[in-house]
Amino acid sequence: MNFALITNSQEKAFVPLFTDWLEFEKSYSKDEWNGMIININDALSKAKNNEGMVINPFGENLIISNVLASEIFKDLFRNNII
Numbered sequence: 001m002n003f004a005l006i007t008n009s010q011e012k013a014f015v016p017l018f019t020d021w022l023e024f025e026k027s028y029s030k031d032e033w034n035g036m037i038i039n040i041n042d043a044l045s046k047a048k049n050n051e052g053m054v055i056n057p058f059g060e061n062l063i064i065s066n067v068l069a070s071e072i073f074k075d076l077f078r079n080n081i082i
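Numbering (UniProt numbering), first residue to last: 1 to 82.
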C-alpha cells in the first residue's frame, strides 16, 4: 500500500495525516484518492521512512519530526499505551 507524501520547500518529505474529511479534501479529491483510519503506531511507523508527519498540512497544521515522533513512540511504549 502506498501513502501520499507532502514535500516542503527544502524538498523534505512528510506523511500527511488528516483529522477529518474536510481537511483531507483541502489537498486530495475523494474521487481520486482513498483515505483510511490508522492508529498512532501505524502513523509513527509510516513517518519513520521520511522526515516525519504533518497533521492537516493545508490547515492549522502540526509538523512532527522523526525525532519528536521517536520520543512520542518511546513514551507511549514506556507507559504501556502501545
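All residues carry an ideal CB built from backbone N, CA and C; glycine is no exception.
If you check the CB distance, Gly52 and Ile64 come in under 8 Å. Between Ala43 and Leu17, the C-beta gap is smaller than 8 Å, which places the two residues in contact. Residue environment: Val67 is assigned as exposed (fewer than 16 neighbouring CB atoms within 10 Å of its CB, all protein chains considered). Residue environment for Ile81: exposed (fewer than 16 other C-beta atoms within 10 angstroms of its C-beta).
Just measuring C-alpha positions, the residue of Ala4, Asp20, Trp21 sitting nearest Ala13 is Ala4.
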